[in-house]
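If you use mature numbering (1 follows the signal peptide of the UniProt record, and there is no 0), the sequence shown corresponds to residues -20 to -1, 1 to 128, in order. We treat Cβ as the ideally placed atom computed from N, Cα and C, and that holds for glycine. None of the values given here were measured: they were computed from a predicted structure.
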Amino acid sequence: MKTIGIALLAGVLGACMAIAQDAREAEDQTPTGKFMTATEVRPILQATKGNWIAVREYGGQDLVYFTHLISWRCGLYDVHYSINGGPVREFPLPDCPPDIAQPNAIPQDAEIYLSFGAGAVQSVRVDLLYDDLGTESVTFERAAVLMN
């Protein structure tokens, strides 16, 4: 019994150490005037929560658009999503280089939407990790974000 407990404890400690090594640090929040920090983009994203994503029926598919979040990606570390309460996945955000002239411009090669079967998307949960390590989570029902 002691051997199992010690092995279990060692496994847990090892996992915690791995997580700690992958931990992110808060970025400097000195405002740049270019909307490149959580301090600058959080108020905008909080005021525009209803626009974070959109669902569009097109070509026999449900398309879930992330264009609004891509526009305000500077100041974010990650965007994660879950469709209909399913597994949480990361949405890939384009880089935000510090010398970018127009931080809100969406790069031409950016992935801006995800495709699902027609009528498949009934709800979308979006989780943000800001670059100051703050988080925010919102769940959207299909009808609230369906494009006409």
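{"Asked": "Three or more C-beta pairs below 8 Å linking the segment 120 to 127 and the segment 78 to 88", "Found": "no"}
{"Asked": "Straight-line Cα distance separating Y93 from F71", "Found": "9 Å"}
{"Asked": "Option in Q102, S95, Q82, A100 with minimal Cα separation from K14", "Found": "Q82"}
{"Asked": "L113 versus D8: straight-line alpha-carbon distance, rounded", "Found": "11 Å"}
{"Asked": "Enclosing alpha helix (DSSP H) for R122 [first to last residue]", "Found": "122 to 125"}
{"Asked": "Expected contact under 8 Å - CB spacing of D42 and V101 to nearest Å", "Found": "4 Å"}
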